[in-house]
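Notes follow the structure.
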Amino acid sequence: MLMITSVLVPVDGSKYSEKALRYAVGLVKSIGAKELIVLHVIDSSLPYFERLKKELEREAEDILNEACNICRSLGVTCKKESRIGIPFIEIMKVAKEMGVDLIVIAQRSRSLKHHPHFIGSTAERVAVYSSVNVLLVKT
Numbered sequence: 273m274l275m276i277t278s279v280l281v282p283v284d285g286s287k288y289s290e291k292a293l294r295y296a297v298g299l300v301k302s303i304g305a306k307e308l309i310v311l312h313v314i315d316s317s318l319p320y321f322e323r324l325k326k327e328l329e330r331e332a333e334d335i336l337n338e339a340c341n342i343c344r345s346l347g348v349t350c351k352k353e354s355r356i357g358i359p360f361i362e363i364m365k366v367a368k369e370m371g372v373d374l375i376v377i378a379q380r381s382r383s384l385k386h387h388p389h390f391i392g393s394t395a396e397r398v399a400v401y402s403s404v405n406v407l408l409v410k411t
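Under this note's numbering, the first residue of the sequence shown carries the number 273, and numbering increases by one thereafter.
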């Protein structure tokens, strides 16, 4: 029997990742999973990354705090993780390191808000290359 005890949700502060987070919270509650981990990855490939690093770190903390506030308001506690790197690689690393059973990720990110029928490259890469099961939330 498949047991899901730990769920990872990457968040980027967009309404799309919030939808995935809310879906994951509902899933965690319905199956009785023990752990929900929210992850924000600061993309180190961004132009001017070094110049913006401190600001991006503050933004990451705000995004994670808001995600955990949403979880708490829905009756679930969460663990926060922040990483710096290439998002799809860091998502898969965290999933492996923390032994998660499922990654719940939004179909697209804030960068694709004007392209409703596309799947984001991060979500696609995680879905294709992850050794952990992935649930794509339609956005």
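Backbone N, C-alpha and C fix where the C-beta goes; we use that ideal spot for every residue, glycine too.
Chain-order list of residues whose beta-carbon lies under 7 Å from that of residue i (same chain, five-residue window excluded)
i: S402; result: M364, A367, I375
i: I276; result: I303, A305, D373, L374
i: T411; result: Y288, K291, A378, Q379, R380
Cβ shell of residue i (< 6 Å), same chain only, five flanking positions each side left out
i: L346; result: V297
i: A339; result: V283, L293, V310
i: H312; result: V283, A332, I335, L336, S354
i: S316; result: I356, G357
i: E307; result: S278
i: F360; result: T394, R397, V398
i: I314; result: L328, A332, I356
Beta-carbon proximity list for residue i, same chain, < 8 Å, skipping 5 on both sides
i: D334; result: G285
i: I342; result: E290, L293, R294, V297
Simplified DSSP assignment, three categories, for residue i
i: R397; result: helix
i: V372; result: coil
i: V404; result: coil
Whole-Å CB distance - residue i paired with residue j, under 8 Å assumed
i: A399; j: Y288; result: The Cβ separation is near 15 Å, so there is no contact.
i: V279; j: V409; result: Rounded, the Cβ-Cβ distance is 12 Å, inconsistent with contact.
i: V348; j: V281; result: 11 Å between Cβ atoms; not a contact.
Beta strand (DSSP E) segment containing residue i, residue limits
i: I356; result: 351 to 357
Proximity test, residue i beta-carbon vs the ligand GTP heavy atom, cut-off 7 Å
i: R380; result: The ligand GTP is absent from the structure shown, which contains no ligand whatsoever.
Extract the residue ranges of the beta strand (DSSP E) inside the stretch 274 to 349, only unbroken runs of 3 or more that lie entirely within it. Listed in chain order, the complete beta strand (DSSP E) runs (minimum 3 residues) inside the stretch 274 to 349 are 278 to 282, 307 to 315.
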